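Novice: For what it's worth, numbering that gives the first Met the number 0 labels the leading residue of the sequence shown as 0, then goes sequentially.
All C-beta atoms, glycine included, are put in the ideal place defined by N, C-alpha and C.
Just so we're clear, the structure is a prediction, and the values are computed from it rather than from any experiment.
Take a look at the following structure, please.
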Amino acid sequence: METVSLGAPEPILDSLPGDDDARQDMREAVAGWERRINDAIEAAEDDDEAVGYVLDAVERLESRMERFDEFVPELRAWGQSPIYAISWRNLYAELIAQLYDHDDLGDALDRRRNQRLVEDGIRFGGS
């Protein structure tokens, strides 16, 4: 399996209010995710194992995205701007989309996710 390339989209970076530190934090976070995913891909013995590692990363990204999404109404309720929470949520969603758009990785991730559902004992249709 080939390594992946991830990037912080400019519209998300531009949505941050004049804070170069936050932009840099996002760029560093994306570079870290890319590095860890590619290290796992290179360490994998085969493509199936590599897809499993990438799916693990996708699930962690989804978890973080959901956590930041939960912050948005809470911040609004306290009268604070949720722009940073929204930006991080959108960044994680974008990284997931980038992974799914990478070559044939999206189909492989869907197959692996479905395989995990079956391995976990979840059966559809009551069987």
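CB-CB under 7 Å to A127, same chain, minus the five flanking residues each way: which ones, in chain order?
Specialist: Missing from the structure shown is residue 127; the chain here goes from 0 to 126 and no further.
Novice: List the endpoints of the continuous alpha helix (DSSP H) containing S14.
Specialist: For the purposes of this step, residue 14 is taken as residue 15 along the sequence shown, with counting starting at 1. No alpha helix (DSSP H) holds S14; DSSP gives it neither H nor E.
Novice: Suppose contacts are defined by Cβ-Cβ distances below 9 Å. Is V57 in contact with L98 by that definition?
Specialist: As a position in the sequence shown, residue 57 is number 58, starting the count at 1. As a position in the sequence shown, residue 98 is number 99, starting the count at 1. Their beta carbons are under 9 Å apart, which means V57 touches L98 by this criterion.
Novice: For the structure I just gave you, are there three or more beta carbon pairs, one from the segment 78 to 88 and one from the segment 35 to 52, closer than 8 Å?
Specialist: Because the criterion of three Cβ pairs below 8 Å is not met, the segment 78 to 88 and the segment 35 to 52 do not touch.
Novice: Is it buried or exposed, A7, if we count other Cβ atoms within 10 angstroms and call 16 or more buried?
Specialist: Counted from its first residue, the sequence shown places residue 7 at position 8. Buried, because 16 or more other Cβ atoms sit within 10 Å of the Cβ of A7.
Novice: Rounded to a whole number of angstroms, what is the C-alpha to C-alpha distance between A30 and E61?
Specialist: Taking the sequence shown and counting its residues from 1, the one referred to as residue 30 is at position 31. Taking the sequence shown and counting its residues from 1, the one referred to as residue 61 is at position 62. In a straight line, the C-alpha of A30 is about 17 Å away from that of E61.
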